[in-house]
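Asker:
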Amino acid sequence: AQSVTQLDSQVPVFEEAPVELRCNYSSSVSVYLFWYVQYPNQGLQLLLKYLSGSTLVESINGFEAEFNKSQTSFHLRKPSVHISDTAEYFCAVGYSSASKIIFGSGTRLSIRP
Amino acid sequence: DGGITQSPKYLFRKEGQNVTLSCEQNLNHDAMYWYRQDPGQGLRLIYYSQIVNDFQKGDIAEGYSVSREKKESFPLTVTSAQKNPTAFYLCASSIDSAGGGTGELFFGEGSRLTVL
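This is the structure we're talking about:
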């Protein structure tokens with residue numbers, strides 16, 4: 001069955017520290033990968049996506065994620081977090097054999113001053 | 114501004130009552146989706162529609178119904194048959210209607226339903 005696993009439900013870090021949010025998906029021939037961010041009581045916004053080409057993708061606010069086909073992972077990283085990055089982050093995967101996107105259970109990132 | 118509008122933002126319902134959540138988009142997207150969000154469970158797909166007058170069940174369709182009479186509208190009805198309806202409901206749309214899951218999803222602000 002197609003699935004997405006976010007290994008950490010909560011990640012607390014200090015401000016200006018680096019962070020990695022982990023995401024693994026079930027293997028498939030062709031996948032499309034997304035990270036969405038959700039601020040409290042709001043909908044989700046696309047943070048970055050991998051469709052094809054370079055395996056390293058970046059967002060405008062300093063996040064990056066790398067598609068690793070052999071490990072079926074798409075971990076999200078940021079070298080230095082800010083208080084404003086406090087939110088819940090969702091990894092999502094689209095499979096070429098399906099017409100829907102599957103979401104992980106989310107990782108709540110909390111930033112301590 | 115183009116986007117997705119969900120209403121109401123907050124809704125209270127007594128047990129045994131049906132309630133309809135509105136979702137309207139002006140992005141000219143073919144595909145629309147309803148997700149349910151519960152703490153620690155991420156987003157679960159209730160129904161989706163790839164074209165007007167057609168829709169498919171998602172992973173947790175029991176106790177819900179939808180219609181897609183217009184391209185821009187995809188209302189969700191939470192019926193009295195839904196055993197645990199208290200949740201945050203998110204509507205989304207995407208350009209992609211041909212399948213493959215390649216399309217970015219655009220989300221509304223959500224509707225929080227509480228059953229008293």
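As they're listed, the protein sequences go chains A and B. Position one of the first sequence corresponds to residue 1 (this note's numbering), numbered consecutively onward. Position one of the second sequence corresponds to residue 114 (this note's numbering), numbered consecutively onward. We treat Cβ as the ideally placed atom computed from N, Cα and C, and that holds for glycine.
#1: Within a Cβ cutoff of 6 angstroms, which residues of the same chain sit near A:Tyr25, ignoring the five residues on either side of it in sequence?
#2: Determine the extent of the beta strand (DSSP E) in which A:Arg108 is found, giving its start and end residues.
#3: Count the other CB atoms, across all protein chains shown, that sit within 10 Å of the CB of B:Tyr161; report buried if there are 16 or more and exposed otherwise.
#4: Checking contacts by CB at 8 angstroms: is B:Tyr161 closer than that to chain A?
#5: Whole angstroms is fine: what's the gap from B:Leu259's alpha carbon to A:Ser70's?
#6: CA-CA distance, A:Leu44 and B:Gly129?
#7: Does the Cβ of A:Glu20 have 16 or more other Cβ atoms within 10 Å, making it buried, or fewer, making it exposed?
#8: CB-CB under 7 angstroms to A:Leu51, same chain, minus the five flanking residues each way: which ones, in chain order?
#9: Output needed for A:Pro18: all residues of its chain with C-beta closer than 8 angstroms, excluding positions within five of it in sequence on either side, in chain order.
#10: From this set, A:Asn41, A:Ile83 and A:Ser30, which residue's C-alpha is nearest A:Asn68's C-alpha?
#11: Does chain A have any CB closer than 8 angstroms to the CB of B:Gln195?
#12: Return the bridge partner residues of B:Asp151 from the DSSP annotation.
#13: Relative to the C-alpha of A:Phe63, which residue among A:Trp35, A:Asn41, A:Tyr39 and A:Ile83 is closest?
#14: Could you check which residue in B:Asn139, B:Leu134, B:Val132 and B:Gly115 has the C-alpha nearest to that of B:Lys183?
#15: Run down chain B in chain order and give the residues with a C-beta less than 9 angstroms from the C-beta of A:Leu7.
#16: Near B:Ser135, what residues of its chain come up, given a Cβ to Cβ distance below 7 angstroms and the 5 sequence neighbours on each side ignored?
#17: Going by DSSP, which residues form a beta bridge with A:Val31?
#18: Quick check on B:Leu229: buried or exposed, where buried means 16 or more other Cβ atoms within 10 Å of its Cβ?
#19: Assuming A:Ser110 contacts A:Thr86 under a Cβ cut-off of 8 angstroms, what Cβ separation, rounded to an integer in Å, is found between them?
#20: Using 10 angstroms around the beta-carbon of B:Gln163, count the other beta-carbons present and answer buried if the total reaches 16, otherwise exposed.
#21: Any idea if B:Asp151 is buried or exposed, counting beta-carbon neighbours within 10 angstroms, 16 or more meaning buried?
Answerer: Looking at the atomic coordinates:
#1: Sequence index remark: in the first sequence, residue 25 of chain A carries index 25 (1-based). Val4, Thr72 and Val93, listed in sequence order.
#2: If you number the first sequence from 1, residue 108 of chain A lands on position 108. Looking at the DSSP string, the run of the beta strand (DSSP E) that includes A:Arg108 is Thr107 to Arg112.
#3: Working through the second sequence from its first residue, we reach residue 161 of chain B at position 48. Buried is the call here.
#4: Looking up residue 161 of chain B in the second sequence gives position 48. It does; some Cβ of chain A falls within 8 angstroms.
#5: Coverage of chain B is limited to positions 114 through 229, which leaves residue 259 of chain B absent and any answer about it impossible.
#6: Taking the first residue of the first sequence as 1, we reach residue 44 of chain A at position 44. Taking the first residue of the second sequence as 1, we reach residue 129 of chain B at position 16. So the alpha carbons of these two residues sit roughly 30 angstroms apart.
#7: In the first sequence, residue 20 of chain A corresponds to position 20, counting from 1. Per the 10 Å Cβ criterion, exposed.
#8: If you number the first sequence from 1, residue 51 of chain A lands on position 51. Tyr32, listed in sequence order.
#9: If you number the first sequence from 1, residue 18 of chain A lands on position 18. If we look at A:Pro18 and ignore the five residues flanking it on each side, its Cβ neighbours are Arg77, Lys78, Pro79, Ser80 and Val81.
#10: Within the first sequence, residue 68 of chain A is the residue found at index 68, counting from 1. The residue with the shortest Cα to Cα distance from A:Asn68 is A:Ser30.
#11: Working through the second sequence from its first residue, we reach residue 195 of chain B at position 82. Not closer than 8 angstroms to any Cβ of chain A, the Cβ of B:Gln195 fails to qualify, so no.
#12: Locating residue 151 of chain B in the second sequence gives position 38, where the first residue counts as 1. Paired residue(s): B:Gly155.
#13: Locating residue 63 of chain A in the first sequence gives position 63, where the first residue counts as 1. Checked all of A:Trp35, A:Asn41, A:Tyr39 and A:Ile83; the closest Cα to A:Phe63 is A:Trp35.
#14: Within the second sequence, the letter at position 70 stands for residue 183 of chain B. Here the closest residue by C-alpha is B:Asn139.
#15: Here residue 7 of chain A is taken as the residue at index 7 of the first sequence, counted from 1. Simply none; closest approach about 13 angstroms.
#16: To locate residue 135 of chain B, count along the second sequence from 1; it is residue 22. Cβ within range, chain order: Gln119, Ser120 and Pro188.
#17: On the first sequence, position 31 is the one that residue 31 of chain A refers to. Looking at the DSSP assignment, A:Val31 forms a beta bridge with A:Tyr95.
#18: The count along the second sequence starts at 1 and reaches residue 229 of chain B at position 116. Answer is exposed; the Cβ neighbour count stays below 16.
#19: For the purposes of this step, residue 110 of chain A is taken as residue 110 along the first sequence, with counting starting at 1. For the purposes of this step, residue 86 of chain A is taken as residue 86 along the first sequence, with counting starting at 1. Their Cβ separation, rounded to whole angstroms, is 6 angstroms, which keeps A:Ser110 and A:Thr86 in contact under 8 angstroms.
#20: Counting from 1 along the second sequence, the entry for residue 163 of chain B is found at position 50. Flag for B:Gln163 reads buried.
#21: Numbered from 1 along the second sequence, position 38 holds the residue referred to as residue 151 of chain B. It counts as exposed.
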